[in-house]
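Asks: Take this structure, written in structure tokens, and hold onto it; I'll ask about it next.
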DNA sequence: TACCGATGGTTCAAATAATAAACCACGCAA
DNA sequence: TTGCGTGGTTTATTATTTGAACCATCGGTA
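Protein chains in written order, with the UniProt record's numbering: chain V, 1 to 261; chain U, 1 to 261.
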């Protein structure tokens with residue numbers, strides 16, 4: 001692991017719950033030498049990736065993020081384009097909807113919307129990375145993304161989160177084959193005992209998968225009827241969202257959707 | 001300059017006009033060794049700050065940006081909160097409005113809106129960093145930001161962009177004193193021969209300046225009447241925008257505004 | 001076919017930059 | 001005072017970064 005990675009990994013400690021972090025806290029979180037961390041922090045601050053609160057001396061995410069976000073969204077919009085669609089979709093199904101993208105071997109949430117139509121809701125934290133093998137979104141990535149990634153993840157260590165988490169490569173392979181045929185991935189209690197999800201791919205300009213959209217419901221509400229409706233809604237919005245990001249469903253996928261409906 | 005800075009500086013080459021950059025192009029732009037640049041790029045890609053187009057082999061800004069943007073805007077919103085306000089303000093004055101923040105010793109654009117009510121417009125590129133001493137926005141930063149920054153910039157090299165660019169520290173100091181008294185900064189032809197601007201500070205929660213808002217017009221349209229109207233509109237929106245980001249005008253500034261109106 | 005000039009990517013000894021223990025200064029509470 | 005927690009700095013030691021030269025591949029051209 002090079003210096004760059006080590007420095008940028010510091011940024012992953014930021015979250016909505018922890019928006020400002022001091023030097024000592026960073027040292028504890030990263031389990032690294034203080035002098036090193038301090039040099040990382042000052043250098044990141046010089047680049048604008050961090051800014052230091054002149055009172056508390058703590059560090060927060062800096063303005064460079066805003067510029068880079070602007071450039072990325074101006075040229076290949078994802079978040080800005082899907083924001084309203086995610087809200088609409090959440091209102092239609094009446095459940096939590098979230099969009100995530102692949103980052104390394106994890107899932108990085110990009111957006112979510114919770115219509116809060118029910119007393120119980122699935123909690124969702126956009127700043128927490130999710131595993132690929134134990135979430136419906138992740139399995140959608142493995143099913144519709146590059147085959148090489150799928151094999152790499154299945155052959156790597158597969159952490160157990162609940163009693164129902166699938167940690168056998170072959171069991172996962174079987175499900176992925178099924179998901180590929182159906183065009184959608186689903187999972188119950190794989191990551192959280194009280195959550196059931198369905199997820200499908202969002203395709204970009206070249207028919208490449210740019211992200212996944214998922215519906216998550218408390219298992220208590222995951223009746224057969226509800227699940228069927230979720231699948232229906234998901235299929236519809238997969239097409240809409242892919243279109244919104246300037247993408248097209250690849251021939252292979254299009255086929256599956258129409259065959260399934 | 002440490003490794004982190006050198007690596008992150010690669011990201012500054014991205015812009016709306018140049019959203020994807022290949023290895024060789026990076027080498028030319030950064031004037032560095034190819035092996036080094038390649039290591040930087042792969043490492044940045046591993047962290048999710050870049051992603052590689054599997055066809056063209058070129059690099060684009062990656063999904064990590066989206067996550068960090070989400071965290072920053074969720075905890076100290078700027079861009080998302082000001083977006084609609086900037087548009088409204090631009091519609092009201094009928095001219096280009098932009099918001100920028102300080103990054104290092106430069107100005108980093110965050111947002112802009114152009115109502116395009118006239119045949120000629122000021123061109124504005126959100127991905128280009130601006131100098132502090134030669135723009136109205138920059139002078140607003142120097143006038144209402146920390147004194148230490150002001151002195152550091154004035155004592156440093158002051159590049160000339162047009163015949164009218166002020167490059168004498170004392171001349172700039174005089175104008176900054178005036179701007180401090182008036183609560184707004186203005187400048188004609190300091191950075192571009194055909195542009196006149198006015199800018200004012202946006203204050204955050206602690207009465208600290210979090211950014212600047214500016215109106216830019218072609219010099220041809222910068223009549224006295226127009227400029228007076230710009231000042232009026234600017235004063236109004238400085239208060240509104242500061243309020244929108246959860247900030248308050250510091251007592252010293254509040255005083256100036258009311259005294260001026 | 002061979003050749004050329006691009007591209008992206010890799011290797012390894014040499015040079016340089018990162019590291020971590022110990023340190024300082026400060027603020028606060030007992 | 002002492003003790004403990006901050007944030008920040010210095011130092012020789014050590015490990016990482018560096019860059020010239022290298023390879024592989026692509027597309028165009030003679």
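Ideal Cβ placement from N, Cα and C applies to all residues, glycine included.
Relative to the alpha-carbon of residue 86/V, which residue among 123/V, 115/V, 71/V and 250/V has its alpha-carbon at the smallest distance?
Replies: Among 123/V, 115/V, 71/V and 250/V, the Cα nearest to that of residue 86/V is on 115/V.
Asks: Which residues in chain U have a C-beta closer than 9 angstroms to the C-beta of residue 218/V? List them in chain order.
Replies: Per Cβ cutoff of 9 angstroms: no residues; residue 218/V is ~24 angstroms from chain U at best.
Asks: Which residues does DSSP pair with residue 209/V in a beta bridge?
Replies: DSSP, once it has assigned bridges, lists 203/V as partnering residue 209/V.
Asks: Is it buried or exposed for residue 119/V, if we count other Cβ within 10 angstroms and need 16 for buried?
Replies: Exposed, because fewer than 16 other Cβ atoms sit within 10 Å of the Cβ of residue 119/V.
Asks: Nearest-angstrom Cα distance between residue 113/V and residue 180/U?
Replies: Approximately 44 angstroms, taken between the alpha carbons.
Asks: Taking a cut of 8 angstroms between CB atoms, which residues from the region 59-83 of chain V lie near chain U?
Replies: Flagged, chain order: 60, 61, 62, 63, 64, 65, 66, 67, 68, 69, 70, 71, 72, 74, 75, 76, 78 and 79.
Asks: Evaluate contact between the region 126-138 of chain V and the region 11-29 of chain V, counting only Cβ atoms and requiring at least three cross-stretch pairs below 8 angstroms.
Replies: Result yes; three or more Cβ-Cβ pairs closer than 8 angstroms.
Asks: Quick one: is residue 113/U near chain V, going by C-beta distance under 9 angstroms?
Replies: By this cut-off, residue 113/U is not an interface position.
Asks: Considering only residues of the same chain and omitting the five flanking positions on each side of residue 111/V, which have a CB-CB separation below 8 angstroms?
Replies: The residues are 79, 82, 83, 86, 98, 99 and 126.
Asks: Identify the contact partners of residue 19/U in chain V, using a Cβ-Cβ distance below 9 angstroms as the criterion.
Replies: Under the 9 angstroms cutoff, chain V gives 71, 72, 74, 75 and 76.
Asks: So, is residue 209/U buried or exposed, given that buried needs 16 or more other C-beta atoms within 10 angstroms?
Replies: Buried, because 16 or more other Cβ atoms sit within 10 Å of the Cβ of residue 209/U.
Asks: Find the residues of chain V that neighbour residue 310/U, judging by a C-beta separation of less than 8 angstroms, and give them in chain order.
Replies: Nothing about residue 310/U can be reported from this structure: the residues present for chain U run from 1 to 261 only.
Asks: Can you tell me whether DSSP reads residue 195/V as helix, strand or coil?
Replies: DSSP places residue 195/V in strand when its eight states are reduced to three.
Asks: Thinking residue 185/U and residue 140/U are a contact (beta carbons under 8 angstroms), I'd like their distance in whole angstroms, please.
Replies: So it is a contact: roughly 4 angstroms between Cβ atoms.
Asks: Does residue 130/V come out as helix, strand or coil in the three-state DSSP assignment?
Replies: Three-state DSSP puts residue 130/V in a strand.
Asks: Just list the residues that DSSP pairs residue 59/V with in beta bridges.
Replies: According to DSSP, which records beta bridges pairwise, residue 59/V is partnered with 21/V and 52/V.
Asks: Find out if the Cβ-Cβ distance for the pair residue 122/U, residue 217/U is shorter than 9 angstroms.
Replies: Contact flag set, yes.
Asks: Just mark residue 156/V as buried or exposed, buried being the case when its beta carbon has 16 or more other beta carbons within 10 Å.
Replies: That one is exposed.
Asks: Just to confirm before moving on: does the CB-CB distance between residue 265/V and residue 59/V stay below 9 angstroms?
Replies: An answer regarding residue 265/V cannot be provided, because it is not within the stretch 1 to 261 covered by chain V.
Asks: Excluding the 5 residues preceding and the 5 following residue 131/V in the sequence, name in chain order all residues of the same chain whose CB lies nearer than 8 angstroms to its CB.
Replies: Excluding sequence neighbours, residue 131/V sits near 106, 107, 138, 159, 161 and 191.
Asks: Any Cβ of chain U within less than 9 angstroms of the Cβ of residue 208/V?
Replies: Closer than 9 angstroms: yes.
Asks: Measuring CB to CB, does residue 215/U end up less than 9 angstroms from residue 241/U?
Replies: No. Outside cutoff.
Asks: Of all Cβ atoms in chain V, is any one closer than 9 angstroms to the Cβ of residue 250/U?
Replies: Answer no: the Cβ-Cβ gap between residue 250/U and chain V never drops below 9 angstroms.
Asks: Nearest chain V C-beta to residue 40/U closer than 9 angstroms, yes or no?
Replies: Chain V, which has a Cβ nearer than 9 angstroms to the Cβ of residue 40/U, makes this yes.
Asks: Going by Cα to Cα distance, which pick from 63/U, 49/U, 102/U and 92/U is closest to residue 51/V?
Replies: It is 102/U.
Asks: Taking CB distances under 9 angstroms as the criterion, tell me whether residue 8/V reaches chain U.
Replies: Judged by the 9 angstroms Cβ criterion, residue 8/V is in contact with chain U.
Asks: Note down, in chain order, every chain V residue with its Cβ under 9 angstroms from the Cβ of residue 126/U.
Replies: Per Cβ cutoff of 9 angstroms: 67, 70, 71 and 74.
Asks: Taking the alpha carbon of residue 135/V as the point to measure from, which residue in 193/V, 95/V, 88/V and 182/V has its own alpha carbon closest?
Replies: Closest by alpha carbon: 193/V.
Asks: Could you tell me which chain U residues have their CB closer than 8 angstroms to the CB of residue 101/V, listed as they occur along the chain?
Replies: 63 and 66, listed in chain order.
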